[in-house]
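> Before I ask anything, here is the structure I am working with.
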Amino acid sequence: MLAGQSYSTAAESAASLAVARRHRVALLHSIQAFARALAAPAGDPGWRPRVSTRLLGLRGAFAEHIVLTEGPDGLYAELLDHAPRLAHGVHVLVREHAAVATAMSALQRQVDQPGPSVEELRACSSDLLRELSRHRQRGADLVYEAYETDIGGET
Numbered sequence: 004m005l006a007g008q009s010y011s012t013a014a015e016s017a018a019s020l021a022v023a024r025r026h027r028v029a030l031l032h033s034i035q036a037f038a039r040a041l042a043a044p045a046g047d048p049g050w051r052p053r054v055s056t057r058l059l060g061l062r063g064a065f066a067e068h069i070v071l072t073e074g075p076d077g078l079y080a081e082l083l084d085h086a087p088r089l090a091h092g093v094h095v096l097v098r099e100h101a102a103v104a105t106a107m108s109a110l111q112r113q114v115d116q117p118g119p120s121v122e123e124l125r126a127c128s129s130d131l132l133r134e135l136s137r138h139r140q141r142g143a144d145l146v147y148e149a150y151e152t153d154i155g156g157e158t
């Protein structure tokens with residue numbers, strides 16, 4: 004429990020974090036499914052449709068992530084309530100949401116067209132996967148800082 008936090012607020016925080024953890028796992032599964040589709044042999048005629056389907060699933064999971072984190076009762080609102088000093092980090096994550104969602108949309112258009120080569124698609128996809136990984140790590144670091152650092156000398 005954070006300093007100055009009531010038991011009901013602590014319970015709400017625990018519940019919010021549990022939801023965030025479950026969603027984090029679901030998003031990771033979508034990321035991994037997309038990565039597996041990319042890594043499959045490109046000579047398979049089903050490669051591009053599979054990549055497209057997995058990317059569409061990833062886009063849906065990421066859109067849900069945005070709702071769960073940025074919503075009025077989302078994780079970021081809770082983080083800012085408990086640790087206003089983390090506002091800059093939250094704003095960085097929100098900006099990343101827009102950039103990643105835009106990159107996903109652009110990649111979906113490329114995948115769904117016959118023109119771009121497999122190498123081009125894999126390169127753009129690798130960039131996207133790297134950005135998702137960095138975003139997830141920054142988010143995890145921010146949550147850790149909000150809920151562990153504020154506890155102070157109790158450990």
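Reminder that position 149 of the sequence shown reads as 152 in our numbering, one-by-one numbering, no gaps.
Here a beta-carbon is modelled for each residue, glycine too, at the ideal position from N, C-alpha and C.
Note that this is a predicted model, so its numbers are computed, not measured.
(1) When the distance is taken between beta carbons, is Asp115 closer than 8 Å to Ser55?
(2) Using a Cβ-Cβ cut-off of 8 Å, state whether Ser55 counts as contacting chain C.
(3) Which of the three DSSP states is assigned to Gly46 in this structure?
(4) Label Val93 either buried or exposed according to how many other C-beta atoms from any shown protein chain fall within 10 Å of its C-beta, with 16 as the threshold for buried.
(5) What is the DSSP secondary structure of Gly142, counted as helix, strand or coil?
(6) Please return the same chain residues whose Cβ sits closer than 8 Å to the Cβ of Ala104, not counting the five positions on each side in sequence.
(7) So, at 7 Å on beta carbons, what are the nonlocal neighbours of Ala90 in its own chain, with the 5 sequence-adjacent residues on each side left out?
(8) I need the boundaries of the alpha helix (DSSP H) containing Ala109, first residue and last residue.
(9) Measure the Cβ-Cβ separation of Leu59 and Gln113 and say whether it is below 8 Å.
(10) What residue from Glu151, Met107, Asp144, Glu148 has the CA that sits closest to Glu134's CA?
This is what the structure holds:
(1) For Ser55 and Asp115, yes; Cβs fall inside 8 Å.
(2) Considering every chain present, this structure includes no chain C. It has just one protein chain.
(3) In the structure shown, Gly46 sits in coil (DSSP, three-state: anything other than H, G, I, E or B).
(4) Note on Val93: 16 or more other CB atoms within 10 angstroms of its CB, so buried under the neighbour-count rule.
(5) helix
(6) Arg62, Phe65, Ala66, Ile69
(7) Leu83
(8) 90–114
(9) The Cβ-Cβ distance between Leu59 and Gln113 does not fall below 8 Å.
(10) Met107
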